[in-house]
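Single-structure report; data block below.
In this note's numbering, the protein residues as written are 232 to 371.
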């Protein structure tokens with residue numbers, strides 16, 4: 232009979248000899264330090280007129296990027312290429328600006344901004360006509 236321990240009484244085996252060494256790594260040459268890139272100062276925004284109407288809860292912005300509505304902290308932005316038309320009028324009470332953007336797919340988005348004092352509404356109409364005429368010269 233051989234001199235081996237019986238079943239269940241085997242001595243634990245190790246993991247065996249270490250694996251052979253892999254091929255040596257090529258020598259890494261130190262790279263020259265790259266100077267940090269200075270931050271690029273923000274350039275001037277593209278020139279163009281802007282319109283802004285704001286009340287306690289809502290706002291309307293018309294600028295070089297398009298039209299943006301904010302209604303109780305919910306923002307909807309409409310770039311000019313996605314806008315079919317823009318419409319605006321005074322509310323029935325004459326105390327607010329009502330604006331609608333018609334999207335290319337036909338959806339309509341609206342925002343209402345209260346004009347306080349009421350005379351501000353007339354100023355908004357004058358400014359809005361000029362700004363929309365600049366960005367949409369063929370009509371709103």
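In this text, a Cβ means the ideal position worked out from N, Cα and C, and glycines have one as well.
Quantities reported herein were computed from a predicted structural model and do not represent experimental measurements.
Continuous alpha helix (DSSP H) stretch holding residue i: start and end
{"i": "residue 350", "result": "350-366"}
From the options, residue whose alpha carbon lies closest to that of residue i
{"i": "residue 335", "options": "345, 342, 315 and 364", "result": "315"}
{"i": "residue 333", "options": "312, 279, 289 and 356", "result": "312"}
{"i": "residue 301", "options": "358, 354 and 329", "result": "329"}
{"i": "residue 286", "options": "359, 357, 303 and 323", "result": "303"}
{"i": "residue 278", "options": "294, 290, 361 and 288", "result": "294"}
{"i": "residue 366", "options": "310, 288 and 289", "result": "310"}
{"i": "residue 374", "options": "361, 282, 356 and 369", "result": "The first residue shown for the chain is 232 and the last is 371, placing residue 374 beyond what the model contains."}
{"i": "residue 347", "options": "340, 280, 331 and 326", "result": "326"}
Beta strand (DSSP E) segment containing residue i, residue limits
{"i": "residue 327", "result": "327-334"}
{"i": "residue 316", "result": "314-321"}
Opposing strand residues paired with residue i [DSSP bridges]
{"i": "residue 289", "result": "302"}
Cβ neighbours of residue i in the same chain (closer than 7 Å, five flanking residues each side left out)
{"i": "residue 308", "result": "297 and 299"}
Cβ-based neighbour list, residue i, same chain, cut-off 6 Å, excluding 5 preceding and 5 following
{"i": "residue 320", "result": "329"}
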